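Report on the structure given below.
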Amino acid sequence: MIGLWIALPVLTIIGDTLSVIGGGFIGLTYHVTLDSYYHGVGKYLTPANLLVGMIKPVFFAILITTVACWKGLTSEGGAKGVGVATTESVVISSVGILVTDSSARSSYSGSWAGERVIEFRNVDFSIDERRILTDVSFKVRRERRG
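Just so we're aligned, residue -15 is where the sequence shown starts under my numbering, counting upward by one.
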């Protein structure tokens, strides 16, 4: 549990760093100089973006470990039950990350003020005819301030 809380933010840092470096090399194929690319990265990659990018993985790790422990500790039926619990854990964690990310995005981004960010209506999640979540409906909105 604690391992994922540490590993996910570290993997995020590594992934983000490699993405920025890789973007520079891809830019070369489109005749964008490395100097121009990294100038743009420095201009648009703000400390606020970095902070949000480092905080969200911590919450995602907590969500994933909580769901995985819950499903793992309540699994029944031997190896088949563990397999089903693992699959359910992945589905629930994925939906949870989608909702958490949308909520975080709408809470810090002023460009979506008043717009609906995401909406699901009456969604069922099933695995091998076994329902995991039934009639899930939710909206994530950003309300206008002042």
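Virtual Cβ for every residue (Gly too), placed ideally from N, Cα, C. Quick caveat, the model's predicted, so the values are computed rather than measured.
The alpha-carbon of P41 is positioned some 7 Å away from that of T(-4). Taking the Cα positions, M(-15) is about 45 Å away from H15.
Here D0 has G37 as same chain residues with Cβ atoms under 8 Å from its own Cβ, once five neighbours each way along the sequence are excluded. Collapsing the DSSP output to three states places T30 in coil. In this structure, L47 lies away from S86, with their beta-carbon atoms at least 8 Å apart.
Between R115 and V68, the C-beta gap is not smaller than 8 Å, which leaves the two residues out of contact. Our two residues, T30 and A45, have alpha carbons roughly 24 Å apart in a direct line.
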